[in-house]
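Quick note, the sequence shown lines up with residues 6 to 559 if you use the numbering used here. Only one structure is covered here, and it is reproduced in the block below.
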Amino acid sequence: MKLRAHFAKRVQSNFSRQAITSASRWAKSYRIGYNPFLKETVPWTFKYHPWSEWMHDVRGNLVGMKAAQMAYTETALNKALAAMDLEHKNVAYYLPSFKPDAYDFSSARFDGCLDQSPYIKAMFSSRKNVGHKRAGGTNFYIRGLRSRSGAKSIDVALMLFDEVDEMVQKLITLAMERTSGQPESEWFKLSTPTISKFGIDVDFQKSTKRHYFFKCPRCSRFEEINFPENIIITADDPQDPKIKDTHIICTQCKKVLPHETKPDWLAPANGAEWIQQAVSDLEGVQINQFYSCATHPWEIAKLYLEGLSDEASEQEFHNSKLGKTHEVSDARVSESDINGCVGDFVTKEEFSSGGVTTLGVDVGTALHFQINQWKLPKRGRYASINARAIPRVINYGTVSSFNDISHLMKKFNINFAVLDANPERRKVKEFCDYWYGRSRACFYIHSVSGKTIKVSSDRDEPDVKVNRTAWMDMTLSRYRQGKIHLPRNINHEYRTHIQEPVRVPEKDANGNITYRYITGQGRADHYAHAATYAEIALPLALSVGKAKNIASPL
C-alpha cells in the first residue's frame, strides 16, 4: 500500500510538473514569501498585484515603465528563476551598481527568496558568491553596470535590467552586444522614468505602450486610473487630516472606486487587461501607483501637494508615483534664453586684447571647443570669481586633432585650457604635458563638493577633478540669466547642444535637495560641456603656478 501511494504521488507530481509551462504558473507553484497583506508566509499570489501576471508570461523582449513599488522587480526575479528551472537558461540580472544595488539584491531579494521557498532553495548548488549563483549546470549572474567590467561577456539567454534610468546608458548597450552571439535571447528592462528620450522612455516609445484597463464595478464600462481625472483630492494642504478622504472615481459614472476592493476590480478574472496603444513587435507596459493595493490614494496625493512648492517632490511625484517622464520649470536652457544672450558682434578668427582668455574642449569623435574672453570685476574678495566675471564667446566650433587645439592656443593666446579627460586620456595627457602650466585634463567626480577645483600636484598627472553638477549649474545658469555674451552668428548646432542637458532635482538620504544633469539618448550636448570646461579654466588661469585646490582665487 505504501509503495502504491508513493507511486501515485510520483505520477501526480509528474503530471503537475508538466502543467507548469509558464512563469506565472511556476511562481504560484514554487515561490513562497511573506505577504504583507495577509501578514504571513504563503505561496505566491497575484491577488494584490494582478497586473503583473500577464507580464510574467510575455515571451520575447519586454519594457516596463513604472511607478515605484509595483512588483516589477519581483516579476523580473520570477521570470529569471522560471527560465532557469523550466528552460535551463543562463540568466544575467543587471542593476545600476554592484555596491550597494547588486550586493543588496543578492543578499536580500535573492537569498531571501531562497530561504522562504524550499523548492527554489533546492535548485541552487551554490549561492555564496554574491555575483554568481549556480543551479546545477545553469547560472544566475548578478552584475552592477557602473563600469565596463560589469558588462563583460557572459553566456546568458535572458537579460534583466532593473532601474534602467540609474544606469550608465552606454553600458546597457555594451552588455546586450556581448550576449548577441546567443541563438535565442530575451531581455526585460524595467525602471521608474526620469525625463523624455532618456533611459526606459527610449524603449517604451518604441513599444506597444500597454496600459492596464479594468471594468468599473459600478457601471461595468472599461476604465483606467489616470491623474488627475480619476482622483478626488480632498485637501489643499498636505498636513490637513482631510487629505485622508482622497479617493478614486470612475470618470464615466462618477462613482467611488474603493481602495479596499482593488484586488477585486483589478483582477483579470473580472475583465481587467493590458490594452496596447501602439503597434510594435516590442511589448511595453506602463502603470501608476494609484493602482497599488498597498499605497492609499491620499499618500500619493500628499506628495502631489508637496510638489506644488518643492521641485524635488514634484519630480518624484511624476516619476515615482505616476510612472511618467517629467521636467520641472527651468530644467533646461530655452531658445529664448539663448536669444537673450546674443549680442551685436561676430566670432573672431584671432586674439584681440582685453581680458583673460580661456578654452574648453569636449573630447569625442570630434573635438568641440569654446573660447571665452572674460570681463573681470574690479579687484576685491569674492566667494567665486566666476560669479562676478562675464564671458564673451569669441569663437567656437569643431576640429579633428589635438594639433588643431594647439593652433588655437597660439592663435588666440589662450591663458588656460581645460579639456575633457576621457575618452582620449593618453592624447589629452600628451597635450597637457606639451602645454604644461596652461592646460589641465578634467574629470567629473561626485566626491568634490561645490565649485571647488581639486588640482593634482603631480607633474605626471596634469589634471583637475570637479563636481559635474555644480559647474554645469554655474555655466548653464549664465544662459538663463543673460550673463554670457554670444555672437550673432551662433549656429543651430550650438543652440541645440546648450539646450539638451536637463537638470533633475532629487532628495538625498537626509531629505536635502540635490541635482544631476541628464541628456537624452542620442542627443548631443558637446558645446554645453565645452562651455563648462571654459568656465572651469577661469580660476585656473588666475591661479597659474599654484598647485593646490581652488575654491576662490581672488
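Yeah, the Cβ is synthetic: ideal placement off N, Cα and C, and Gly gets one too.
Inset, instruction - Can you tell me which of the three DSSP states H93 falls into? - result: coil
Legend entry - Proximity of I458 and F417 at Cβ, strictly below 7 Å: no
Inset, instruction - Please look up how many angstroms separate the CB atoms of E316 and P510, rounded, as I've assumed it's under 8 Å. - result: 5 Å
Inset, instruction - Measure how close the beta-carbons of Q282 and H216 come, nearest whole angstrom, since I'm counting them as under 8 Å. - result: 6 Å
Inset, instruction - Compute the beta-carbon to beta-carbon distance between R337 and Q121, rounded to the nearest angstrom, for a pair I have assumed lies under 8 Å. - result: The pair is not a contact, with the Cβ atoms about 46 Å apart (cut-off 8 Å).
Legend entry - Member of A277, H373 and A274 whose CA lies at the smallest distance from the CA of T537: H373
Inset, instruction - Name the residue from T199, L195, L545 and G149 whose alpha carbon lies nearest to the alpha carbon of L179. - result: G149
Legend entry - Whole runs of the beta strand (DSSP E) within the segment 278-333, excluding any shorter than 3 residues: 278-280 and 288-292
Inset, instruction - Return helix, strand or coil for Q375, following the three-state DSSP convention. - result: strand
Legend entry - Start-to-end residues for the beta strand (DSSP E) that takes in G511: This sequence places Glu at residue 511; Gly is not what is there. Unbroken beta strand (DSSP E) run through E511: V507 to K512.
Legend entry - DSSP bridge partner residues for V366 (one or two, in chain order): F374 and L424
Inset, instruction - Can you tell me which of E540, Q244, G65 and A533 puts its alpha carbon nearest to the alpha carbon of L165? - result: G65
Inset, instruction - Report yes or no: do three or more beta-carbon pairs, one from the segment 490-505 and one from the segment 437-455, lie closer than 8 Å? - result: no
Inset, instruction - Along the alpha helix (DSSP H) that carries R473, what are the first and last residues, could you check? - result: R473 to Q486
Inset, instruction - Please confirm whether V361 and A546 have their CB atoms less than 7 Å apart. - result: yes
Legend entry - Distance between W379 and I410 (C-alpha atoms, nearest Å): 20 Å
Inset, instruction - Going by CA-CA distance only, name the one from A72, S57 and N40 that's closest to H323. - result: A72
Inset, instruction - Compute the Euclidean distance between the alpha carbons of S45 and E171, then round it to the nearest angstrom. - result: Note on residue identity: the sequence assigns Glu, not Ser, to residue 45. For E45 and E171, the distance between alpha carbons rounds to 33 Å.
Inset, instruction - Pull up the distance between the alpha-carbon of R15 and that of N134, whole angstroms please. - result: In this predicted model, R15 has a pLDDT of only 39, less than 50, meaning its place in the structure is not dependable; the value taken from the coordinates is given anyway. Those two C-alpha atoms are separated by around 34 Å.
Inset, instruction - Tell me whether the beta-carbon of A422 lies closer than 7 Å to the beta-carbon of S444. - result: yes
Inset, instruction - Mind reading off the beta-carbon distance from K434 to F407? Whole number of angstroms is fine, and I expect it under 8 Å. - result: K434 to F407, Cβ: 11 Å. No contact.
Inset, instruction - Pick out the complete alpha helix (DSSP H) segments inside the segment 64-130, 4 residues or longer, and give them in chain order. - result: 77-92, 116-121 and 123-128
Inset, instruction - Within 10 angstroms of the Cβ of Q23, are there 16 or more other Cβ atoms? Answer buried if so, exposed if not. - result: exposed
Inset, instruction - Decide if G69 is buried, meaning its Cβ has at least 16 other Cβ atoms within 10 Å, or exposed. - result: buried
Legend entry - Within the segment 236-283, ranges of the beta strand (DSSP E) (whole runs, at least 3 residues): 252-254 and 278-280
Legend entry - Classification of Y232 by the beta-carbon crowding that lies within 10 angstroms, buried from 16 upward: The sequence as given places Phe at residue 232; Tyr does not occur at that position. Answer is buried; the Cβ neighbour count reaches 16.
Legend entry - C-alpha gap between H497 and G527, whole angstroms: 17 Å
Legend entry - Spatially closest choice to A274 from F51, A514 and T403, by CA coordinates: F51
Legend entry - Under the three-state DSSP convention, the category L559 falls into: Since pLDDT at L559 reaches only 36, below the 50 mark, its modelled position is unreliable, and no value is offered.
Legend entry - Three-state class that DSSP yields for H216 in the structure shown: strand
Inset, instruction - Kindly list the residues whose CB is nearer than 7 Å to the CB of P382, restricted to its own chain and excluding five residues on each side of it in sequence; keep chain order. - result: R393 and A394
Legend entry - Beta-carbon proximity check, F436 vs K470, cutoff 7 Å: no
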